[in-house]
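Heads up: the protein sequence lines correspond to chains B and C, in order.
Just so it is clear: in the first sequence, position 59 is 393 by my numbering, and no numbers are missing.
Just so it is clear: in the second sequence, position 3 is 8 by my numbering, and no numbers are missing.
Presented below is the structure to which this report refers.
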Amino acid sequence: MSSAVPERAPAPVLAVKHLSKTYPGVRALRDVELRLFSGEVHMLLGENGAGKSTLVKVLAGATSPDAGAALSLAGRPVEIASPRQARALGLSVIHQELNLIASLSAAENMSLGRELRGRFGQLEHGAMRARARAALRKLGVDFDVDSPVERLSVAQQQLVEIGAALLDECRVLILDEPTSALAQHEVERLGAILARLKAEGVAILYVTHRFEEVFAFGDRATVFRDGERVHEGSLRETSKGELIRLMVGRDVRDVYPARAATVGDTLLEVRGLRSRAGVADVSFDLRAGEVLGLAGLMGSGRTEVARALFGADPSAEGAVTLCGKPMPLGSVRGALRAGLVLAPEDRKHEGLVLGLSVAANITLAALGKTRGRFGQIQRSAEAGAVASLCESLRIKAHSPAQLVSTLSGGNQQKVVLAKWMHLGAKVFIFDEPTRGIDVGAKQEIYRLMNQLAREGAGIVVISSELPEVLGLADRVLVMCRGRVSGELSRAEATPERFLELATAFTDESAAAVSA
Amino acid sequence: MSAEPSWAAWPALRRWALPAVLLALVVAISLATPSFWSGENLLNITRQMSINAIIAAGMTLVILTGGIDLSVGSVLAFVGIVTALMLKSGAGVAVGVLAGVLVGGALGTLNGLLIAFGRLPPFVVTLAMMAVARSLTRVVTHNKSLYHLPEGLSLLSETLDVSLARVHVLLPVPFLLTALVYGLGYVLLEHYPLGRYIYAVGGNEEAARLAGVPVRRVKIVVYASCGALAGLAGVLAISRLAAADPTSGVMMELDAIAAVVIGGGSLTGGRGHIFGTIVGVVIIAVLHNVMTLLDINPDWQGSVLGAVVLVAVLAGKQKGEAAR
Numbered sequence: 335m336s337s338a339v340p341e342r343a344p345a346p347v348l349a350v351k352h353l354s355k356t357y358p359g360v361r362a363l364r365d366v367e368l369r370l371f372s373g374e375v376h377m378l379l380g381e382n383g384a385g386k387s388t389l390v391k392v393l394a395g396a397t398s399p400d401a402g403a404a405l406s407l408a409g410r411p412v413e414i415a416s417p418r419q420a421r422a423l424g425l426s427v428i429h430q431e432l433n434l435i436a437s438l439s440a441a442e443n444m445s446l447g448r449e450l451r452g453r454f455g456q457l458e459h460g461a462m463r464a465r466a467r468a469a470l471r472k473l474g475v476d477f478d479v480d481s482p483v484e485r486l487s488v489a490q491q492q493l494v495e496i497g498a499a500l501l502d503e504c505r506v507l508i509l510d511e512p513t514s515a516l517a518q519h520e521v522e523r524l525g526a527i528l529a530r531l532k533a534e535g536v537a538i539l540y541v542t543h544r545f546e547e548v549f550a551f552g553d554r555a556t557v558f559r560d561g562e563r564v565h566e567g568s569l570r571e572t573s574k575g576e577l578i579r580l581m582v583g584r585d586v587r588d589v590y591p592a593r594a595a596t597v598g599d600t601l602l603e604v605r606g607l608r609s610r611a612g613v614a615d616v617s618f619d620l621r622a623g624e625v626l627g628l629a630g631l632m633g634s635g636r637t638e639v640a641r642a643l644f645g646a647d648p649s650a651e652g653a654v655t656l657c658g659k660p661m662p663l664g665s666v667r668g669a670l671r672a673g674l675v676l677a678p679e680d681r682k683h684e685g686l687v688l689g690l691s692v693a694a695n696i697t698l699a700a701l702g703k704t705r706g707r708f709g710q711i712q713r714s715a716e717a718g719a720v721a722s723l724c725e726s727l728r729i730k731a732h733s734p735a736q737l738v739s740t741l742s743g744g745n746q747q748k749v750v751l752a753k754w755m756h757l758g759a760k761v762f763i764f765d766e767p768t769r770g771i772d773v774g775a776k777q778e779i780y781r782l783m784n785q786l787a788r789e790g791a792g793i794v795v796i797s798s799e800l801p802e803v804l805g806l807a808d809r810v811l812v813m814c815r816g817r818v819s820g821e822l823s824r825a826e827a828t829p830e831r832f833l834e835l836a837t838a839f840t841d842e843s844a845a846a847v848s849a
Numbered sequence: 006m007s008a009e010p011s012w013a014a015w016p017a018l019r020r021w022a023l024p025a026v027l028l029a030l031v032v033a034i035s036l037a038t039p040s041f042w043s044g045e046n047l048l049n050i051t052r053q054m055s056i057n058a059i060i061a062a063g064m065t066l067v068i069l070t071g072g073i074d075l076s077v078g079s080v081l082a083f084v085g086i087v088t089a090l091m092l093k094s095g096a097g098v099a100v101g102v103l104a105g106v107l108v109g110g111a112l113g114t115l116n117g118l119l120i121a122f123g124r125l126p127p128f129v130v131t132l133a134m135m136a137v138a139r140s141l142t143r144v145v146t147h148n149k150s151l152y153h154l155p156e157g158l159s160l161l162s163e164t165l166d167v168s169l170a171r172v173h174v175l176l177p178v179p180f181l182l183t184a185l186v187y188g189l190g191y192v193l194l195e196h197y198p199l200g201r202y203i204y205a206v207g208g209n210e211e212a213a214r215l216a217g218v219p220v221r222r223v224k225i226v227v228y229a230s231c232g233a234l235a236g237l238a239g240v241l242a243i244s245r246l247a248a249a250d251p252t253s254g255v256m257m258e259l260d261a262i263a264a265v266v267i268g269g270g271s272l273t274g275g276r277g278h279i280f281g282t283i284v285g286v287v288i289i290a291v292l293h294n295v296m297t298l299l300d301i302n303p304d305w306q307g308s309v310l311g312a313v314v315l316v317a318v319l320a321g322k323q324k325g326e327a328a329r
């Protein structure tokens with residue numbers, strides 16, 4: 335592909351070649367290349383799972399690449415063995431989740447690990463405060479460096495981290511989804527700050543999903559797809575449509591089992607769902623036997639809709655009926671009683687009690703089903719139910735007494751599913767059902783979802799892997815900024831149409847939503 | 006991990022290995038002390054350990070949920086005084102005992118409500134309760150012990166001489182109560198939904214909540230039970246001494262926590278077993294007893310107990326834990 339190199343920069347400040355990274359069962363990066371030049375903002379684009387965050391992790395020193403990778407900084411070959419070393423080399427990473435100590439002040443956070451000491455080893459508070467203020471002034475901002483960072487806005491907290499990077503005299507600044515939690519005017523200010531840093535010769539690698547920012551801030555772009563670099567080039571010569579094609583450019587592979595949908599009556603009716611977590615106004619119907627996709631970019635409110643329906647978010651409001659009966663919101667027990675369940679994105683923290691056995695996890699939500707005359711758990715009935723679920727879901731465990739923490743990701747997800755099947759749920763919401771699961775197990779999870787639909791359950795699938803949603807769902811709702819921006823039938827649902835709807839609401843309509 | 010059965014896949018074995026090793030150690034030490042095995046001494050141990058045993062049973066429930074109860078020693082003293090005052094003002098023994106247990110349960114419920122609904126850390130809530138209950142005990146008694154309790158109360162610390170088919174068995178009532186408490190505790194934890202919920206809340210509170218476990222109710226019940234058992238222990242204590250001492254039970258929470266930890270309980274919750282706790286209680290009681298028999302300066306007992314706790318926790322640490 336094209337690879338325009340700016341004429342003013344003869345050699346890249348950071349060059350990555352032959353970089354591969356293999357995780358057990360997954361090839362996250364395959365022989366990728368990246369070139370960053372001094373004084374450019376370089377956009378790193380790709381779908382979720384394309385390998386962007388793996389590259390960021392390698393550059394941050396958080397993980398080491400496979401053998402054979404060649405990294406050079408200002409022409410000298412380097413190895414980045416630890417985050418500390420990355421910092422010493424002048425590579426600073428601002429992660430999406432900021433890395434600050436909430437109760438310490440901005441100045442203290444900026445000085446953490448870079449303390450100024452006096453003659454007796456004591457901290458030079460005054461000098462460190464002055465240095466912090468100077469760094470922020472360099473960014474063109476001014477706020478109280480003595481207030482604890484928990485009292486600062488997210489945008490200000492981000493500036494604290496960027497300011498700290500400046501104290502390290504960083505040559506390469508890596509920003510991972512820096513605007514996911516920023517308001518529009520804060521995004522614009524970030525753009526101005528990037529321009530200043532560029533002028534000082536810093537090379538900036540900017541990871542994002544938002545095309546407005548790609549073209550507003552970026553000079554060049556690298557596109558990853560399925561762990562490979564598929565494009566590097568100037569953004570002046572590339573259109574949004576071209577970038578989208580490069581990002582998705584593949585057919586939905588036939589990993590998705592074919593299924594004949596026999597859609598029945600309406601099972602779930604959602605009207606005017608909203609929550610303080612960012613669901614603005616969502617309405618939809620789900621019929622028995624149907625698989626409904628809920629798609630959208632990161633931060634569009636997909637997961638928040640799932641949590642609101644499941645009662646995990648107490649601030650949820652709206653009218654929901656399940657099987658014709660109104661379902662209370664704001665209570666997990668209410669949702670469970672009605673038969674609506676969620677297989678959460680964060681299985682290990684929200685879906686499973688890792689220190690308990692497979693059996694105890696499966697029956698946890700419905701212990702009432704196997705109670706005897708004295709209210710005790712009938713062990714034999716419980717064991718029977720667990721055994722039949724383990725068999726029909728093909729859960730690979732030595733015994734039902736095995737701790738769920740020792741299972742693979744795919745088997746853990748099956749335990750979550752078994753728990754809800756034991757409860758007898760009617761509506762299953764899957765949030766990122768195959769995250770961290772290898773390809774073979776993915777197919778099994780898909781098969782189980784189809785089986786549930788065949789048996790008359792209603793399925794909602796949330797996934798940031800677009801092919802997954804398109805491959806599974808009969809119908810796709812696309813979300814943008816907390817609202818449904820459109821609905822696509824299976825035939826209409828193409829990656830291009832999806833991205834159009836996912837970025838449907840312009841800044842004006844966003845302002846209207848937040849107002 | 007899949008080919009050979011991993012260590013973690015055998016929770017029962019892991020659960021029992023450590024207490025078994027420690028118990029063997031204690032038995033070995035006791036073998037070196039001939040007077041240990043006299044019937045009188047063994048009876049003595051069961052009597053002495055029953056108070057810690059009953060408190061530690063409640064502490065096990067609390068620690069399994071990931072909490073802690075520092076107030077048990079103070080609740081024990083407070084309940085002792087309340088019961089003594091009731092008995093002295095003419096209440097029947099049964100009424101007094103029941104009231105003692107209920108008062109303990111009420112203080113525990115207060116702990117639980119503050120923790121569950123006030124979202125306060127258990128350490129802080131029960132630390133406050135520890136201070137308040139102790140101070141009330143001192144205020145009410147003017148810091149003096151109450152003597153001359155009714156005769157009937159001593160029934161609770163008597164030793165029954167049971168003859169079954171020509172076999173004489175001496176059964177101290179405190180021992181019977183301990184056995185009852187542990188039997189009920191075992192049935193609750195292993196055979197009732199509440200027991201599962203207790204493990205689930207301690208293992209992963211958020212996942213438990215999202216599985217429909219009534220997390221707040223579970224917390225209130227465990228602190229209430231812990232308080233009620235501390236109350237029962239308080240009644241036993243005044244029965245044994247035939248007096249109510251406002252300074253009794255000081256530092257008793259530490260013995261109970263030590264017993265749970267020696268028995269394999271994890272202070273982060275979700276791991277432990279009530280039978281492990283009783284093993285911990287026995288180990289502590291036997292160590293105290295052997296050291297007394299050997300005429301070792303009692304000031305050393307704390308050092309030995311501390312060392313045993315550390316050894317137990319170090320040995321119980323899983324290999325995976327460090328890596329995780």
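C-beta: ideal position from N, C-alpha, C; glycine also.
- In the DSSP assignment, Phe558/B falls within the beta strand (DSSP E) that extends over 554-559.
- Approximately 5 Å separates the beta-carbon atoms of Thr142/C and Pro251/C; this is inside 8 Å, confirming the contact.
- In this structure the region 307-317 of chain C touches the region 284-295 of chain C; the number of beta carbon pairs closer than 8 Å is three or more.
- Collapsing the DSSP output to three states places Arg453/B in coil.
- Nearest Cα to Ser798/B within the set Gly630/B, Val625/B, Ser416/B, Glu571/B: Gly630/B.
- Within the DSSP bridge table, the entry for Ser439/B names Pro482/B as partners.
- Arg222/C is outside the set of residues whose beta carbon lies under 8 Å from a beta carbon in chain B.
- Contact between Val178/C and Leu158/C does not hold, since their C-beta atoms are separated by about 11 Å, which reaches or exceeds 8 Å.
- Every unbroken stretch of the alpha helix (DSSP H) spanning 4 or more residues and falling wholly within the region 210-267 of chain C is given here in chain order: 210-215, 220-246, 257-267.
- Taking 8 Å as the threshold, the shortest C-beta distance from Arg214/C to chain B falls below it.
- With distances taken between CA atoms, Ile527/B lies nearest to Glu374/B out of Glu374/B, Arg593/B, His352/B, Ala669/B.
- Using a CB distance cut-off of 8 Å, Arg276/C counts as an interface residue toward chain B.
- For Glu547/B, the closest C-alpha among the options Leu378/B, Gly792/B, Arg815/B, Arg559/B is that of Leu378/B.
- In the DSSP assignment, no residue is bridged to Asp502/B.
- Gly63/C sits in a helix when the DSSP states are folded into three classes.
- Between the region 618-637 of chain B and the region 680-691 of chain B, the count of Cβ pairs shorter than 8 Å is below three; the stretches do not touch.
- Under DSSP, no beta-bridge partner is assigned to Cys657/B.
- A residue is called buried once 16 or more other Cβ atoms fall within 10 Å of its Cβ, and Asn148/C, having fewer, is exposed.
- Under DSSP, Leu165/C forms a beta bridge with Leu176/C.
- Under a criterion of Cβ atoms nearer than 7 Å, the residues of chain C adjacent to Gln710/B are, in order, His196, Tyr197.
- DSSP places Phe839/B in the coil class of the three-state scheme, outside both helix and strand.
- Close to chain B, meaning a Cβ-Cβ distance shorter than 9 Å, are the following residues of the region 250-283 of chain C: Ser271, Gly274, Gly275, Arg276.
- Within the region 646-678 of chain B, those residues whose Cβ lies closer than 9 Å to any Cβ of chain C are, in chain order, Ala646, Val666, Arg667, Ala669, Leu670, Arg671, Leu676, Pro678.
- Counting C-beta pairs with one atom in each stretch, the region 108-121 of chain C and the region 233-243 of chain C have three or more that are closer than 8 Å, which means they touch.
- With a threshold of 8 Å between beta carbons, Val309/C makes no contact with chain B.
- At a cut-off of 8 Å between C-beta atoms, Ala396/B does not count as an interface residue with respect to chain C.
- DSSP, reduced to helix, strand and coil, places Leu539/B within a strand of the structure shown.
- In the DSSP assignment, no residue is bridged to Cys724/B.
- For Asn57/C, there are no neighbours in chain B by C-beta distance under 7 Å, as the nearest C-beta there is about 27 Å away.
- Remark: C-beta atoms of Tyr780/B and Leu806/B approach each other more closely than 8 Å.
- Beyond the five residues adjoining it in sequence on each side, Gly816/B comes within less than 6 Å, by CB distance, of Gly612, Val613, Ala614, Gly635 in the same chain, given in chain order.
- Counting C-beta pairs with one atom in each stretch, the region 468-482 of chain B and the region 499-514 of chain B have three or more that are closer than 8 Å, which means they touch.
- Under the three-state reduction of DSSP, Phe371/B is assigned to coil, being neither helix nor strand.
- Secondary structure in the region 660-713 of chain B: the beta strand (DSSP E) runs of 3 residues or longer, each lying completely within the stretch, are 674-677 in chain order.
- Contiguous beta strand (DSSP E) elements confined to the region 104-173 of chain C occur at 164-169, taking only those with 3 or more residues.
- Below the 8 Å Cβ cutoff, chain C contributes Asn209, Glu211, Ala212 as neighbours of His683/B, in chain order.
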